[in-house]
Amino acid sequence: MNAPDTVALVPKDFKSDYKPVWCPGCGDYSVLSSITKALAALQLRPENVAVVSGIGCSSRIPAYTNCYGFHGVHGRSLAAATGLKAARPDLTVLVASGDGDGYSIGGNHFLHACRRNVDLTYIVMDNHVYGMTKGQPSPTTEPAWPSKLSPEGTGLREFHPLVIALAAGANFIARAFSGDPNGTAALLTEAIRYPGFSFVEILSPCVTFRPEQRAWKEAVRPTPVEPTDDPARAARRLITDDGFNIGVLYRGTRTPFGATARRGNAAPESLDAAFRFQEAS
Amino acid sequence: MTKAAPRRKPARKVAARKAPEQDAYADFMARAYAMELEAVERYAQFAEQMETFNNREVADLFRKLSHVESLHAKRILEEMNWPSLPALPPAFAWESDEAPETAPFDDMHYLMKPFHALEIALECEKRAVRYFESISKARVPERVLAAAREMAEEEREHVRLIEAWMERVPKPAADWDRDPDPPAITE
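Heads up: the sequence lines are chains A and B, in that order.
Be aware that the first sequence starts at 1, since it is given in the numbering used here, and climbs by one per residue.
Be aware that the second sequence starts at 282, since it is given in the numbering used here, and climbs by one per residue.
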């Protein structure tokens, strides 16, 4: 049910009636809270927002919001979201993903979404593990982390999402921590407002398969430097980044991609007519 | 053409701007109300989490805590007699990670005992005490100061009540989180 237009919306207005089934203690609860706080702060209408996701614990988020939602296929959330934004540029489109969905299965889409710079907000809940499938190493897992599948660790260096996002052309890059829901909400608010492809990595502990991540709250710290619009400076800062600096790293100046061939919001009937015309000719 | 009647000077608005002290007091109470609302909601979320994991005893306890906080919120509403709900501060306008009385999500565990839930509640009440104490030590209008002192005392009373409650529930065994069939097993 849509809220009346005149009433100021509060975070609760963006939550659905579905109860989250994440493990108690999971960072994703906080992320959901932050997303709803950000949407309330922006006073967006639920019917003007779409939340698109792939597969994994984090990708359950669309169902828990009151916005339009699309729970897509593994790693393809950005492809679906890009299509949606091109077709409906009036919508605010958030994309929710995890480190497995976003950086492994969807790694290629991540690169090209950064490069295209479509006006999307990409929220990746990073817990350095595949949680839904019971604790396998993901692209951001530390090389020496022992698991049942890799008792000696994977021995592979971690994927660095911020480096990749910067190199590939994302227009806004930030890192947040789920243990700071208000700080995360403020970052998300800025990311949603910022034109172009905004990438927000959120450290979101998996207390079931990585209980040691409860200590992240002691490890995170506000980034000691101001955001920059210079990719070279941002890159130099990332050289010494240990993954626990929280805040905005980069605010770029690229013009967002917009569909130029046929602007406008064609109604389904007119699209249908266009297709029929093509068929007839 | 008739001469236009001289324009009358508009009557002075009776309900002109409120006194700054009154504004500050209303803002303070709106913030206190928002704080209670967040606590109500968070405890309710915790209850839902525990219900999902069939931990009924702790779910019931969180429901009770949520209800208690809702009574506090209701009392603020009654005291202020606002004609409609006040404009609440932005959800992330607190200096802390969340509102002072809001429990963090990461203290939860699916096997937690009532004692753990009360530990969480105790920390929240202590944070609320510190919050109101910090206001009562700041340079604020007298009315806000008095309200902050009163609320700090109320929160101290809640601390005492929860400590007494904790005396009445069994302390968890050392292996309270042992699960013979833990979800962490890779099958």
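Positions of the beta carbon are idealized from the N, C-alpha and C atoms, including for glycine.
Out of the options, which has the shortest C-alpha to C-alpha gap to residue i?
i, options, result
"Asp119 of chain A", "A:Thr141, A:Pro224, A:Leu84", "A:Leu84"
"Asn66 of chain A", "A:His74, A:Val52, A:Gly196, A:Arg76", "A:Val52"
"Val440 of chain B", "B:Ala315, B:Asn335, B:Glu382", "B:Glu382"
"Pro379 of chain B", "A:Ala185, A:Ile164, A:Arg233", "At residue 379 of chain B the sequence reads Glu, which differs from the Pro that was named. Closest option to Glu379 of chain B, Cα to Cα, is A:Ala185."
"Pro451 of chain B", "B:Ile443, B:Asp462, B:Lys394", "B:Lys394"
"Pro12 of chain A", "A:Asp28, A:Gly25, A:Ser33, A:Trp22", "Residue identity check: residue 12 of chain A is Lys in the sequence provided, not Pro. For Lys12 of chain A, the nearest C-alpha among the options comes from A:Ser33."
"His397 of chain B", "B:Trp446, B:Lys355, B:Glu431", "B:Trp446"
"Lys134 of chain A", "A:Ile173, A:Ser147, A:Pro62", "A:Ser147"
"Asp99 of chain A", "A:His112, A:Ala113, A:Ser59, A:Val49", "A:Ser59"
"Pro151 of chain A", "A:Thr208, A:Glu142, A:His109", "A:Glu142"
"Thr255 of chain A", "A:Ala165, A:Gly169, A:Asn182", "A:Gly169"
"Phe386 of chain B", "B:Ala433, B:Ile401, B:Pro364", "B:Ile401"
"Arg175 of chain A", "A:Ile192, A:Val129, A:Pro222", "A:Pro222"
"Glu444 of chain B", "B:Cys405, B:Asn362, B:Thr333, B:Met310", "B:Cys405"
"Ala167 of chain A", "A:Ala113, A:Glu212, A:Ala191", "A:Ala113"
"Ala86 of chain A", "A:Pro224, A:Phe197, A:Glu201", "A:Phe197"
"Ala354 of chain B", "B:Asn362, B:Tyr314, B:Arg449", "B:Tyr314"
Pick helix, strand or coil for residue i, following the three-state DSSP scheme.
i, result
"His128 of chain A", "coil"
"Val7 of chain A", "coil"
"Tyr103 of chain A", "helix"
"Thr383 of chain B", "coil"
"Val73 of chain A", "coil"
"Val49 of chain A", "strand"
"Pro461 of chain B", "coil"
"Thr82 of chain A", "helix"
"Gln43 of chain A", "coil"
"Thr228 of chain A", "strand"
"Phe396 of chain B", "helix"
"Ala454 of chain B", "coil"
"Phe309 of chain B", "helix"
"Phe209 of chain A", "coil"
"Ala419 of chain B", "coil"
"Pro364 of chain B", "coil"
"Ala296 of chain B", "With a pLDDT of 43 at Ala296 of chain B, under the threshold of 50, the modelled position of this residue cannot be trusted, and the question is left open."
"Ala409 of chain B", "helix"
"Arg449 of chain B", "helix"
"Thr311 of chain A", "One cannot answer for residue 311 of chain A here, as it falls past the ends of chain A, which runs 1 to 281."
"Phe334 of chain B", "coil"
"Thr154 of chain A", "coil"
"Glu329 of chain B", "helix"
"Val425 of chain B", "helix"
"Ser282 of chain A", "For residue 282 of chain A there is no data in the structure shown, the boundaries of chain A being 1 and 281."
"Asp304 of chain B", "helix"
"Ala25 of chain A", "Note that residue 25 of chain A is Gly in the sequence shown here, rather than Ala. Gly25 of chain A falls in the coil class under three-state DSSP."
"Thr467 of chain B", "Interpretation of Thr467 of chain B is limited by its pLDDT of 43, a score under 50 that renders its predicted location unreliable; the figure taken from the coordinates is listed afterwards. Coil at Thr467 of chain B, not helix or strand."
"Glu242 of chain B", "With chain B covering only 282 through 468, there is no way to say anything about residue 242 of chain B."
Below 6 Å CB to CB, which residues in the same chain sit around residue i once its five sequence neighbours on both sides are set aside?
i, result
"Pro227 of chain A", "Val248, Arg251"
"Tyr324 of chain B", "Phe343, Leu346, Ser347"
"Ala429 of chain B", "Phe413, Ile416, Ser417"
"Phe257 of chain A", "Arg116, Asn117, Val118"
"Pro453 of chain B", "Lys394, Phe396"
"Ser204 of chain A", "Gly27, Asp28, Val31, Met125, Asn127, Ser178"
"Met132 of chain A", "Gly56, Cys57"
"Phe199 of chain A", "Tyr122, Ala165, Ala170, Ile173"
Less than 8 Å between C-beta atoms, sequence neighbours within five positions excluded: which residues of the same chain meet that for residue i?
i, result
"Ala305 of chain B", "Val421, Pro422, Arg424, Val425"
"Lys217 of chain A", "Phe177, Gly179"
"Pro139 of chain A", "Asp99, Gly100, Tyr103, Ser104, Gly107, Glu158, Phe159"
"Arg233 of chain A", "none"
"Val10 of chain A", "Ala40"
In this structure, what does DSSP give as the bridge partners for residue i?
i, result
"Thr65 of chain A", "A:Lys15"
"Tyr122 of chain A", "A:Val95, A:Phe199"
"Phe317 of chain A", "Outside the modelled stretch of chain A, which goes from 1 to 281, sits residue 317 of chain A, for which no answer is possible."
"Phe257 of chain A", "A:Val118"
"Arg221 of chain A", "A:Asn245"
"Thr189 of chain A", "For Thr189 of chain A, which the question treats as bridged, DSSP gives no partner whatsoever."
"Phe177 of chain A", "A:Leu203"
"Gln136 of chain A", "A:Tyr130"
Considering only residues of the same chain and omitting the five flanking positions on each side of residue i, which have a CB-CB separation below 7 Å?
i, result
"Ala81 of chain A", "Val52, Val93, Val95, Leu120"
"Lys407 of chain B", "Val440"
"Glu350 of chain B", "Glu317, Ala320, Val321, Tyr324"
"Tyr64 of chain A", "Lys15, Ser16, Tyr18, Pro20, Leu32"
Chain E partners of residue i, CB-CB under 7 Å?
i, result
"Tyr391 of chain B", "Of the chains in the structure shown, none is chain E; the protein chains are A and B."
Check each residue of the segment 29-63 of chain A: if its Cβ is closer than 9 Å to any Cβ of chain B, include it; give the result in chain order.
Tyr29, Ser30, Ser33, Ser34, Thr36, Lys37, Ala38, Ala40, Ala41
Within 9 Å of chain A by C-beta, residues of the segment 325-342 of chain B in sequence order
Gln326, Phe327, Glu329, Gln330, Met331, Glu332, Thr333, Phe334, Asn336
What are the residues in the segment 175-188 of chain A lying within 8 Å of chain B by C-beta distance?
Ser178, Gly179, Asp180, Pro181, Asn182, Gly183, Ala185, Ala186
Against chain B, which members of the segment 194-208 of chain A pass a CB distance test of less than 9 Å?
Pro205, Val207, Thr208
Residues of the segment 155-174 of chain A in Cβ contact with chain B at a cutoff of 8 Å, in chain order, please.
none
Mind listing which residues of the segment 302-326 of chain B have their C-beta closer than 8 Å to chain A's C-betas, in chain order?
Glu322, Gln326
Pull out every residue of the segment 381-413 of chain B whose Cβ sits closer than 8 Å to any Cβ of chain A, in chain order.
Pro385, Phe386, Asp387, Asp388, Met389, His390, Tyr391, Met393
Counting only Cβ-Cβ distances shorter than 8 Å, please list the residues of the segment 206-235 of chain A near chain B, keeping chain order.
Val207, Thr208, Phe209, Arg214, Lys217
Selection of the segment 348-363 of chain B by Cβ proximity to chain A, strictly under 8 Å
none
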